[in-house]
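Colleague: Right, I'll just put the structure down here and ask away after.
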Amino acid sequence: GDSVTQMEGPVTLSEEAFLTINCTYTATGYPSLFWYVQYPGEGLQLLLKATKADDKGSNKGFEATYRKETTSFHLEKGSVQVSDSAVYFCALLNSGGSNYKLTFGKGTLLTVNP
Amino acid sequence: GAGVSQSPRYKVAKRGQDVALRCDPISGHVSLFWYQQALGQGPEFLTYFQNEAQLDKSGLPSDRFFAERPEGSVSTLKIQRTQQEDSAVYLCASSLSWDVSYGYTFGSGTRLTVV
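What follows is the structure in structure tokens.
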């Protein structure tokens, strides 16, 4: 079945540091890929998405490129802020029969210190 | 409404008690989903509605879990005879159309603690 593996946390960075959170996936077909963010006490918010190979999703300074050859969708940001502290989830939506069901990774907790 | 609204935000239930969790999706959204998020884990799919039809309930963990959306808008997730392993955050999400390839909008969740 479909699965998503993302790097274990927690990740602790200083403000203005470079961020990478690795995400790889296993899926049949041609999935869409997503990063969701969950701030403390809040629900999941869509951060960015990519629907086909080589697409780059971007939002709020975050970027991720859909790499079919390495089945990866790594999240990057050049300069993190304290307000980026949250849990980040990589997810996929398959194009096959259950093409409405998101499969999530376990999440990566990011803490940014001033 | 502007977003997906869930109530209550927090629920403490004694083991064996029945609970009902409510979800108000964004007005006009056709698709509605329930997910279960255990502590330290990613959300896991429970069930999917398209309007009032429950098209997939394969993720419901046992026959103690029941979901309905009788008029195609508000949905209720009911858990009978709650057990400690049911403790989790229950997330509701909705999408405007049957095509959810661009993702969907989540509510803030209901945190259920079974004691």
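If you're matching them up, the sequences are chains A and B in order.
With the numbering used here applied, the first sequence closes on residue 114, and no number is skipped along the way.
With the numbering used here applied, the second sequence closes on residue 1115, and no number is skipped along the way.
Even for Gly, the Cβ is constructed at its ideal location relative to N, Cα and C.
If we cut at 7 Å on Cβ distances, does residue 101 of chain A have a partner in chain B?
Modeller: Position 101 of the first sequence holds residue 101 of chain A. Residue 101 of chain A counts as touching chain B.
Colleague: Using a beta-carbon distance cut-off of less than 8 Å, what residues from the region 84-96 of chain A approach chain B?
Modeller: So the close ones are 89, 91, 93 and 95.
Colleague: Measure the alpha-carbon distance for residue 38 of chain A versus residue 1091 of chain B and round it to whole angstroms.
Modeller: Within the first sequence, the letter at position 38 stands for residue 38 of chain A. Within the second sequence, the letter at position 91 stands for residue 1091 of chain B. The alpha-carbon atoms of residue 38 of chain A and residue 1091 of chain B are separated by roughly 12 Å.
Colleague: Name, please, each residue of chain A whose Cβ falls closer than 8 Å to the Cβ of residue 1100 of chain B.
Modeller: Reading the second sequence from its first residue, position 100 is the one you call residue 1100 of chain B. Here the neighbours are 93, 99 and 100.
Colleague: Which residues in the same chain as residue 1114 of chain B place their Cβ atom closer than 7 Å to its Cβ, once the five residues preceding and following it in sequence are excluded?
Modeller: Within the second sequence, residue 1114 of chain B is the residue found at index 114, counting from 1. Cβ within range, chain order: 1013, 1015, 1082, 1083, 1084, 1086 and 1087.
Colleague: Could you tell me whether the Cβ of residue 105 of chain A comes closer than 7 Å to any Cβ of chain B?
Modeller: In the first sequence, counting from the first residue as 1, residue 105 of chain A sits at position 105. By this cut-off, residue 105 of chain A is an interface position.
Colleague: For residue 58 of chain A, return the contacting residues in chain B, with the cut-off set at a CB-CB distance below 8 Å.
Modeller: Here residue 58 of chain A corresponds to residue number 58 of the first sequence, with the count starting at 1. Here the premise fails: no neighbours, minimum Cβ distance about 15 Å.
Colleague: Which residues does DSSP list as the beta-bridge partners of residue 1079 of chain B?
Modeller: Here residue 1079 of chain B refers to the residue found at position 79 when the second sequence is read from its first residue. Answer by DSSP bridge pairing, in chain order: B/1019 and B/1065.
Colleague: Based on the DSSP output, what are the partners of residue 1044 of chain B in its beta bridges?
Modeller: Numbered from 1 along the second sequence, position 44 holds the residue referred to as residue 1044 of chain B. The partner list for residue 1044 of chain B (beta bridge, DSSP) reads B/1036.
Colleague: Please check if any C-beta of chain B sits within less than 7 Å of the C-beta of residue 44 of chain A.
Modeller: Counting from one through the first sequence, the residue named residue 44 of chain A turns up at place 44. So, interface residue.
Colleague: Report buried or exposed for residue 1105 of chain B, applying the criterion of at least 16 other Cβ atoms within 10 angstroms of its Cβ.
Modeller: Position 105 of the second sequence holds residue 1105 of chain B. With 16 or more other Cβ atoms within 10 Å, it is buried.
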